[in-house]
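Its first residue numbered 22, the sequence shown is counted upward by one per residue in this note's numbering. Glycine is no exception: its CB is placed at the ideal position from the N, C-alpha and C atoms. All values reported here derive from a predicted model rather than from experimental measurement.
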Amino acid sequence: MLAVDCTGEGILFVEADADVSLEELGDSMRPPCGFVDEVLCDVGGSGGIIGCPLLLVQVTRLKCGGFILGIRLNHAISDSLGLRQFLKAVAELARGAHVPSWLPVWQREILCARDPPRATCRHPEFDDVVDDARSAAVTLDAKNLVHRSFFFGPREVASIKKGLPHHLVSRSSTYELLTACLWKCRTIALEIEPDDAVRLTSMINARGKQGLGVPRGYYGNTSVYATVLSKAGHLCNSPLGYAVELVKKAKEMVSEEYVRSSIDVLVLKGRPKYTTVWNYLVADATKVGFEEADFGWGKPAYGGVAGALPLISFYVKYRTRKGEEGIVVPIMLPGRAMRRFQEELAKMTDEGREGDDRYGVDSTTIRSNL
């Protein structure tokens, strides 16, 4: 059960000014954002769940008249779609509305554990696996990892599709295609022992799942983990279609019963952390709609996450300066693995040409007067 002590203190709201224009920032807004620490105030004690701020907001005014809205939320309160609902409400009120078009719904009891709790489905995302030094190097110290992002437009997606068998070409989504491609390239790049188990964990939104009864306006966290496993050698040596089928399996397993079982496992295991050993987590944020938030200044030049986490990549809707629509995916890997990852990805996308910034972008640092 989630309890919030409503003291009426509000949230931490920070104002700042930067001697830089939106045009000067350009593609540096694309993750990984090299100036995130300057546009989002980090408050001590914000890294946990219990007793932590529910929301941190910073508005940084730019010299061109634009601004950057940086937000950090507590996932015990909301997920990305819940945050989008909040921003939509604030934007509507800022533009003169008297009430939001979607009224917020609390009703956390909808997704409480059953009594008694019972795990009726397999949840390998919470397996107790002993970490080793090689796997730990990918998860423990973000400072020793290279942070890059990769753009996938129609050209890249079409190239990856060439590696699929005919029966999967027309029935595979872009998410399934990219996830399979990235998982395989990442596994090859990390040079994992062939007999070691590797995991792919998809973060799936459970809103709309039949039987759950999640009402319109519910802004709580409805994300669940869906994990599939493979031997590293089998994944690396099999055609791309093998990985695509596993990604499909992960999505298809998320039923009402699976969601209920996931909630119960959190209670039975005492809120366990997900397995980190050779695990790759992906979250599709392309349909969340952060890029639609209009506070009266028009739609944002960029709306999405600031970057990846050591084990987690987010898929973000993105438009290049040339106007090409696509998806940008940030990823973190050790330096040697990142170089090999880029080589493997180039084979699948026919990309990687010298100076082609659509293929990989490092974080960029912008100095400002905050």
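*Work out the CA separation of Ile98 and Asp48 for me, nearest whole Å.*
31 Å
Checklist entry - What first and last residue would you give for the beta strand (DSSP E) that runs through Arg129? => result For Arg129, no beta strand (DSSP E) encloses it, and the DSSP letter there is neither H nor E.
Let's test the definition: count the other Cβ atoms within 10 Å of the Cβ of Arg374 and tell me whether it reaches 16, buried, or not, exposed. Legend: pLDDT at Arg374 = 40, less than 50; position of this residue unreliable, value from coordinates given subsequently. It counts as exposed.
Relative to the C-alpha of Val359, which residue among Met224, Ile209, Val80 is closest? One point to set straight first is that residue 359 is Met, not Val, in the sequence displayed. Met359 has its Cα closest to that of Ile209, out of Met224, Ile209, Val80.
Q.
Please classify Asn242 as buried or exposed, where buried requires at least 16 other C-beta atoms within 10 Å of its C-beta.
A. By the 10 Å Cβ count, Asn242 comes out buried.
| message | Buried or exposed, going by whether 16 or more other CB atoms sit within 10 Å of the CB of Arg207? | response | buried
**Request:** For Pro175, name the three-state secondary structure that DSSP assigns.
**Result:** helix
**Prompt:** Quick one: what's Gln79 bridged to in DSSP?
**Reply:** Gln79 pairs with Val35, Gly91.
- Message: If the criterion is Cβ atoms closer than 8 Å, does the pair Gly262 and Leu366 meet it?
- Response: no
How many Å lie between Glu45 and Arg220 at the Cα?
40 Å
Based on Cα-Cα distance, which residue from Tyr295, Phe107, Ser282, Val298 lies nearest to Asp136? Ser282
Check: Pro145 by DSSP, collapsed to three states: which one?
Finding: helix
Exercise for the section: Express the C-alpha separation of Arg105 and Thr385 in angstroms, rounding to a whole number. Expected result: Below a pLDDT of 50, predicted positions are generally treated as unreliable, and Thr385, at 35, falls in that range; no measurement from the model is reported.
**OP:** Only counting runs of 3 or more residues, tell me where the beta strand (DSSP E) segments fall wholly within the stretch 238-300, in order along the chain.
**Re:** 244-252
Sequence-distant residues of its chain with Cβ nearer than 6 Å to Pro121 (five each side left out): Only Ala110, Glu113 meet the Cβ criterion.
message: Below 8 Å on the Cβ atoms is my contact criterion, and I expect Leu267 with Ser244 to pass it. Report the Cβ-Cβ distance as a whole number of Å.
response: With 8 Å as the limit, Leu267 and Ser244 do not qualify as a contact, their Cβ atoms being about 20 Å apart.
Contacts around Lys290, its chain only, beta-carbon distance under 8 Å, and the 5 residues preceding and following it disregarded = Same-chain partners within the cutoff: Phe147.
Item to check | For Phe335, the three-state DSSP class (helix, strand or coil) | outcome: strand
If you run the structure through DSSP and keep just helix, strand and coil, what is Ile352? Looking at Ile352 - three-state DSSP - the assignment turns out to be strand.
- Query: How should Ser191 be labelled, buried or exposed, when 16 other C-beta atoms within 10 angstroms of its C-beta is the threshold for buried?
  - Reply: exposed
Counted within 10 angstroms of its Cβ, other Cβ atoms place Pro321 as buried (16 or more) or exposed: buried
Notebook entry, point to check: DSSP three-state call for Gly103: helix, strand or coil?
Noted result: Gly103: helix per DSSP, three-state reduction.
Determine which residues share a DSSP beta bridge with Leu330 and list them. Ile333
Exercise. Val249: which of Ala227, Glu278, Gln231, Ala218 sits nearest, CA to CA?
Worked result: Comparing alpha carbon positions, the residue from Ala227, Glu278, Gln231, Ala218 closest to Val249 is Ala218.
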